[in-house]
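Using full-length UniProt numbering, the first residue of the sequence shown is number 1, and each one after it goes up by one.
Remarks on the structure that follows.
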Amino acid sequence: MTLAACSTTEPLPPQLPEQSLGLPDQFSTSGTQLPEQRWWQSFGDRELDQLVALALSANPDLQATYWRLQQADAAADQARSGFWPRLTGGLENTEQRRASSNDFDFSGAENEGNSWSGSLAAGYEVDLWGRVRSGARAAEAGRLAQRDNFQVAALTLSAEVTNIWLQLQEARGQQQLLAQQLDTNRKTLRVLELRFGGGVSGAADVLQQRQLVEQSQQELEQSRADIQILQVQLAALLGLSPDQLPSFARAETGLPVLPALPDTGVPSQLLLRRPDVRVAQRQLLQGHYLADQAWAERLPALTLGLFFSGGGRSLSDIADDWLLNFSTALEGVIFDGGNLAAAQRQQQAVEQERWSAFRHTVMQALAEVEQALINERAIRERLHFLETRTTLADQITLRQRRAYGQGSVDFLNVLSATDNQQSLQRQLLTARRELLENRVTLYRALSGGLPEQDLPKPAAQELEVYRVENQ
């Protein structure tokens, strides 16, 4: 038998209109470009494509999720086995020897005995109340939920790898920027020391500039440590030790250009494709079927039985001398102290819990898209202001240096302008990375899962070394 009703479940639970979830007609903002399944390819970086592909094939956590899917597949097969009769059989040979009166002589043929017996037993439960059917459907819903969980894990991993890669590109850019700023600050310090030697500048000016040089050196060293930490995190996502990180993962390609805003589509269509929403829906269906199964457990079970047995002095006698029994049994619980009734109430409560969890997942899915769209607008505006402020800071620093050279302002003005200029340059780079990371969040929120061929199918490992052998 097949579970067509369960394997082709509706996008939302049966007899549950989408209007009851309060879905909006559209999102606040939408683009025109259709999102790709391999959304990270929108950034146009081959190194990133290689990193995500490597992570999807070798990440241990994702492989563990694959084996949980195999467990769910096996559990569904087990549950479906209840639709079929159970057949068992046995074959026995008995050989007998007797002690004779002649000093226990076992050689006499008259003292020998040999017999064969065989049996077959078949049992089948007539699924009067749908107990077996509900259990099989619940297991199938669990299998489908685990299949979508596999997609959720793959999406999460690809987003984590992309975010780490973006942070690495920013950190390398920050390192390069800090090195340039340190070089500029050191040149300024040398000029001040010469001016101090000539009696033009004061000692305080030199000390303040030295402090700025030390600050730049400290931030540069921290950026190097940040890069090493990010490389360790990336290696872990790839299922590698830090020293095994491939060379292309260390390449400095810079932050990519932000792709065009994707088409956000219709909220109800988003819910049809998001794997985490499908997980919650499958789990709700599973709770529904488990509640039905708990109800059926309280009713009598009708079992049909067939028993065949035969025997004789030779193996062929089993087919000649046999007995066939057919039985019908109706068995149910008369009194159990309310155990089965409580179990039914428990499963009904589980179903209600999963309905609430499903609604939460739906609302969370919609919120993630809207939050990402709002964040993108906010970060774009912040970037615009930062770019304007950075341009102004460049002009202010240049004018302050000229004025200081003419002796019309104190060096503190130059120092403050330089510090502000360099800080804005670093903030601008960070904001660009945050805008790209927010786009990753949006891609993930809109994704309906990755192509099946991108998901790993790891081979089973030989684990004898971990098993304790009985001696």
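Idealized CB from N, CA, C, for every residue including glycine.
Give the straight-line distance between the Cα atoms of residue i and residue j, rounded to the nearest whole angstrom.
i, j, result
"Leu428", "Trp355", "45 angstroms"
"Leu12", "Gln281", "Its pLDDT being 46, under 50, Leu12 is placed unreliably by the model, and the measurement read from it follows with that caveat. So the alpha carbons of these two residues sit roughly 7 angstroms apart."
"Arg143", "Ser447", "21 angstroms"
"Thr8", "Glu140", "Since pLDDT at Thr8 reaches only 40, below the 50 mark, its modelled position is unreliable, and the value read off the structure follows with that caveat. Their backbone Cα atoms lie some 11 angstroms apart in a straight line."
"Val161", "Glu387", "28 angstroms"
"Glu340", "Glu370", "Rather than Glu, the amino acid found at residue 340 in this sequence is Leu. When rounded, the distance between both Cα atoms is 45 angstroms."
"Thr29", "Glu376", "10 angstroms"
"Leu285", "Arg433", "41 angstroms"
"residue 477", "Leu157", "Outside the displayed span of the chain (1 to 471) sits residue 477, for which this structure offers no information."
"Leu194", "Ala417", "21 angstroms"
"Leu230", "Leu168", "6 angstroms"
"Arg137", "Ala122", "25 angstroms"
"Leu155", "Ser241", "22 angstroms"
"Trp295", "Arg273", "33 angstroms"
"Thr303", "Glu297", "14 angstroms"
"Ala357", "Gln348", "14 angstroms"
"Glu351", "Ala342", "14 angstroms"
Could you spell out where the alpha helix (DSSP H) holding residue i opens and where it closes?
i, result
"Glu376", "Asn339 to Gly405"
"Glu297", "Pro275 to Glu297"
"Arg250", "No alpha helix (DSSP H) holds Arg250; DSSP gives it neither H nor E."
"Arg38", "Neither: Arg38 is in no alpha helix (DSSP H) and is coded neither H nor E."
"Ser241", "Per DSSP, Ser241 belongs to no alpha helix (DSSP H) and is neither H nor E."
"Ser134", "Arg131 to Gly197"
"Asp77", "Pro60 to Arg80"
"Glu437", "Phe411 to Leu446"
Assuming residue i is part of the beta strand (DSSP E), what are its boundary residues?
i, result
"Glu95", "Arg86 to Arg97"
"Asn325", "Trp322 to Glu331"
What does DSSP give as the partner residues of residue i in its beta bridges?
i, result
"Gln33", "Pro262"
"Val126", "Leu302"
"Leu120", "Gly89 and Phe308"
"Gly202", "DSSP, once it has assigned bridges, lists no residue as partnering Gly202."
"Gly113", "Gln96"
How should residue i be labelled, buried or exposed, when 16 other C-beta atoms within 10 angstroms of its C-beta is the threshold for buried?
i, result
"Trp40", "buried"
"Leu398", "exposed"
"Leu442", "buried"
"Gln37", "exposed"
"His288", "buried"
"Ala4", "Below a pLDDT of 50, predicted positions are generally treated as unreliable, and Ala4, at 39, falls in that range; the measurement from the model is reported next regardless. Its Cβ having fewer than 16 others within 10 Å, Ala4 is exposed."
"Gln71", "exposed"
"Pro267", "buried"
"Ala171", "buried"
"Ser223", "buried"
"Arg46", "exposed"
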